[in-house]
Amino acid sequence: MQVFTDLFHRLSNLPELVQWAGLIGLTAIIFSETGLLVGVFLPGDSLLVTAGLLAARGYLSIYTLVPCLMLAAIVGNSLGYFIGRASGPRIFNRENSFFFNKKHAIRAHEFYEKYGRLTIVLAQFMPIIRTFSPVIAGVGGMDYRTFITFNVIGAIVWVGSMLSIGFFLGSYIPGIDQHIEIVVIIVVFISLLPGIISTLRGRRAKRYAEAGESEGR
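Under our numbering, the first residue of the sequence shown carries the number 23, and numbering increases by one thereafter.
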C-alpha cells in the first residue's frame, strides 16, 4: 500500500517519479496505463519524455529503457484487448467508479468506429483513448493477428518517439533538465491537441446538422 501512496505523491513531480521508480517502476507504469483500466490517470507521454531527458543525463540507460518500455506497452495493450474480448459489450453497462468512466469507453468506441484498425496506432498518442482503445478492439472482435500487428507498430512509434524527443532535448539543449515542467506542458498539450480538434469538429458538424434540420422544417 505504501508503494501506491508514494506513487500518488510523486505524480506531481515527474523527474522525482522517474528516479524513484527506476526501470522496473517505469515498465510497470507503462504496462498499467496501456493494459489496466485503472491506469487511465497515469502520465504517459510526459513520463516517457521525462525518462528520455533523465536518460540523457545518465540517470537511466536509454538502451534498456527503449526495449523494456516498448514491450510493456505491447503486453499492456494485449491485456486490454483480452479484457475487451472477455467482457464484450457489457463494459458499456459498467457503473462509473474512481478508476472507470463510461464516457471514456464510449469516446474510445467512437474513435474506433471512425479510424478502425489505425486506432490502435493513433490512440497511443492520446491520453485516455490510449487506455481504452485495445479494450474496444477486443469488444469489437478485431482479429488478434491484425491487432498485434498494429499494436507493435503503435508501441514502437509511441515509446520510441517520446523517449527520443526527451533524449534529444536532454543531450543537445543545455539546462533543459532545469525546465522539465515546460517541456512536459508542451508535450501534454500536443498529446491533447488531436482530441481537442476532434471534439471541436464534432461540435461543428452537430451544429451544421441541427441548422440544416431547422431550415428544412
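All residues carry an ideal CB built from backbone N, CA and C; glycine is no exception. Only a predicted model underlies this, so the values are computations on that prediction, with no experimental measurement involved.
Test item: CB-CB of residue i and residue j under 9 Å
i      : j      : result
Phe53  : Val88  : no
Phe189 : Ile84  : yes
Val191 : Val71  : Reading off the sequence shown, one finds Leu at residue 191, where the question assumed Val. Yes, they are a contact pair.
Phe133 : Ile151 : yes
Ile170 : Met92  : no
Gly102 : Leu59  : yes
Ile175 : Ile142 : yes
Val161 : Gly110 : yes
Thr153 : Thr56  : yes
Leu75  : Pro37  : yes
Val157 : Ile105 : yes
Pro149 : Gly47  : no
Ser193 : Ala78  : yes
Arg129 : Gly163 : no
Leu185 : Ala95  : no
Thr86  : Leu45  : yes
For residue i, three-class secondary structure by DSSP
i      : result
Arg79  : coil
Gly197 : coil
Met164 : coil
Leu39  : helix
Arg226 : helix
Met184 : helix
Phe26  : Bear in mind that the predicted position of Phe26 carries a pLDDT of just 46, short of 50, making it too unreliable to give a figure here.
Gly66  : coil
Leu45  : helix
Leu58  : coil
Ile150 : coil
Range covered by the alpha helix (DSSP H) that runs through residue i
i      : result
Ala94  : Ile84 to Ser109
Leu144 : Thr141 to Leu144
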